[in-house]
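Read left to right, the sequence shown gives residues 0 to 122 (numbering that gives the first Met the number 0).
Backbone N, C-alpha and C define an ideal beta-carbon position, used for all residues, glycine too.
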Amino acid sequence: MKLENQVCSVEQAEKLKKLGVKQESLFYWTHSEKWGIMPKKSIDFSGNPTSMFTASELVLMIGFCYGIEYSDKKQQFYMETNSSPREFTYYDTFSQACAYKLINAIEKEWIPIDKINKRLLEG
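Take a look at the structure:
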């Protein structure tokens, strides 16, 4: 499985960074000499890297990731975004669906950012 399929999208990672999520992850997106997703041990921190959170890290931060299902027909993960009428948002990976849930929880202030960061650092 490609590394890109195991982490949130770059856009989601940058949004989480902007929302105040601590930049502590196994993988980073770096904008320095080395481009792309890199393991923590091999990145140049002077290039202002962005944490590319894995599904495990995202679930740890949010505390749950229920309501996300997989559709063999679409080859995508989806989750119900509105109970009536039924609407679904589709994501290419489980990590992307979890990142969306975390971003939504932060923006709606369902989980304080300090609690999310504490979970991440203690994880």
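Could you please give me the residues that DSSP links to S50 through a beta bridge?
Your numbering for residue 50 matches position 51 in the sequence shown. Y27, per the DSSP bridge assignment.
Our contact map puts L15 next to T53 with C-beta atoms below 8 Å; I'd like the distance itself, whole angstroms only.
Along the sequence shown, read from residue 1 onward, the residue named residue 15 stands at position 16. Along the sequence shown, read from residue 1 onward, the residue named residue 53 stands at position 54. Rounded, the Cβ-Cβ distance is 13 Å, inconsistent with contact.
Who are the Cβ neighbours of V9 in its own chain at under 7 Å, not counting the five residues just before and after it?
Along the sequence shown, one-based indexing puts residue 9 at 10. If we look at V9 and ignore the five residues flanking it on each side, its Cβ neighbours are W28.
Closest to M0 by C-alpha separation, out of E106, T88 and F93, would be which residue?
For the purposes of this step, residue 0 is identified with residue 1 of the sequence shown, where counting begins at 1. The shortest Cα separation from M0 among E106, T88 and F93 belongs to F93.
C97 versus Q11 - alpha carbon distance
Locating residue 97 in the sequence shown gives position 98, counting from the first residue. Locating residue 11 in the sequence shown gives position 12, counting from the first residue. Going from the Cα of C97 to the Cα of Q11 covers about 10 Å.
Neighbourhood of K73 by C-beta, 7 Å cutoff - its chain only, sequence neighbours within 5 removed:
As a first step, residue 73 must be located in the sequence shown, where it is residue number 74. A caution first: K73 carries a pLDDT of 49, below 50, which makes its placement in the model too unreliable to give a value.
Should M51 and V6 be called a contact, given that it needs their Cβ atoms to be closer than 7 Å?
Counted from its first residue, the sequence shown places residue 51 at position 52. Counted from its first residue, the sequence shown places residue 6 at position 7. Contact: yes.
Return the CA-CA distance between K39 and S55, expressed in angstroms with no decimal places.
For this step, residue 39 is matched to residue 40 along the sequence shown. For this step, residue 55 is matched to residue 56 along the sequence shown. Near 16 Å, if we compare the C-alpha coordinates of S55 and K39.
Tell me whether P125 is buried or exposed, calling it buried when 16 or more other Cβ atoms sit within 10 Å of its Cβ.
With the chain covering 0 to 122 only, the question about residue 125 has no answer from this structure.
Quick one: grab the DSSP three-state call for I42.
Sequence index remark: in the sequence shown, residue 42 carries index 43 (1-based). Coil, per DSSP.
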